[in-house]
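Quick note: the sequence shown uses our numbering, first residue 1, plus one each step. Glycine included, each C-beta is placed from N, C-alpha and C at the ideal position. Presented below is the structure to which this report refers.
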Amino acid sequence: MVRLKRFGVSMERSLLGSFDRLLKKKGYTNRSEAIRGLVRRWLVEDEWSKGKGKVGVLLIVYDHRKRDLSARILEKSHHHHHLIISTLHVHLDENSCLEVNILKGRPKEMERLAEQLIATKGVKFGQFIPAASGKGL
Ligand code: NI
1 MVRLKRFGVS MERSLLGSFD RLLKKKGYTN RSEAIRGLVR RWLVEDEWSK
51 GKGKVGVLLI VYDHRKRDLS ARILEKSHHH HHLIISTLHV HLDENSCLEV
101 NILKGRPKEM ERLAEQLIAT KGVKFGQFIP AASGKGL
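Take a look at the structure:
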């Protein structure tokens with residue numbers, strides 16, 4: 001069982017009002033859950049800033065009809081097979097593909113691979129999301 005500890009937080013009324021409106025909009029049911037989410041996000045950012053990130057998600061959207069693009073993406077992915085632990089490929093429509101790659105490894109290597117794939121000529125959209133290993137969260 002998880003042991004919880006209560007603590008008091010003081011803040012300006014207007015700031016609290018803005019926080020309450022935002023957490024409701026985002027779907028949080030109470031302040032505690034929203035604050036826990038913010039703290040966890042901060043911890044993940046800190047983990048990555050210290051070069052200790054271990055897991056990340058890379059998504060790219062591209063047109064598979066572009067000359068050699070699928071082959072170039074596949075080539076780069078195979079070259080870095082030790083970093084990519086899983087890939088989900090979705091055919092969004094007749095032309096567009098969405099690929100979600102779960103990366104695991106050294107932060108710099110993951111970021112470098114993400115940059116390379118996102119910068120591949122013909123990739124329409126790409127985003128790398130540093131994620132948490134789950135430890136300490
Ligand atoms: Ni496809």
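### Query
When the Cα atoms are used, what is the spatial distance from L16 to G53?
32 Å
### Message
How far does the alpha helix (DSSP H) with E45 in it extend, from its first residue to its last?
### Response
R31 to S49
### Message
Quick check on the contact list: which residues have their beta carbon closer than 6 Å to a heavy atom of the ligand NI?
### Response
H64, H89, H91 and C97
### Query
Is it true that the CB of V61 sits closer than 9 Å to the CB of I102?
no
### Query
Between the beta-carbon of S96 and the beta-carbon of T87, is there less than 9 Å?
no
#### Entry: Nearest to D93 (by Cα), restricted to the options I118, D63, R3 and S133
D63
### Task
Would you tell me roughly how many angstroms separate the C-alpha atoms of S162 and R21, rounded to the nearest one?
The chain is shown from 1 up to 137; residue 162 falls before or after that span and cannot be answered.
### Task
Output the boundary residues of the alpha helix (DSSP H) element that contains G126.
It is not in any alpha helix (DSSP H) - G126 instead sits in the beta strand (DSSP E) that spans V123 to A131.
#### Entry: DSSP-derived helix/strand/coil call for D93
D93: coil per DSSP, three-state reduction.
#### Entry: Candidates R31, M1 and I85: closest to G8 by CA position
R31
### Query
DSSP state of E99, grouped into three classes?
strand
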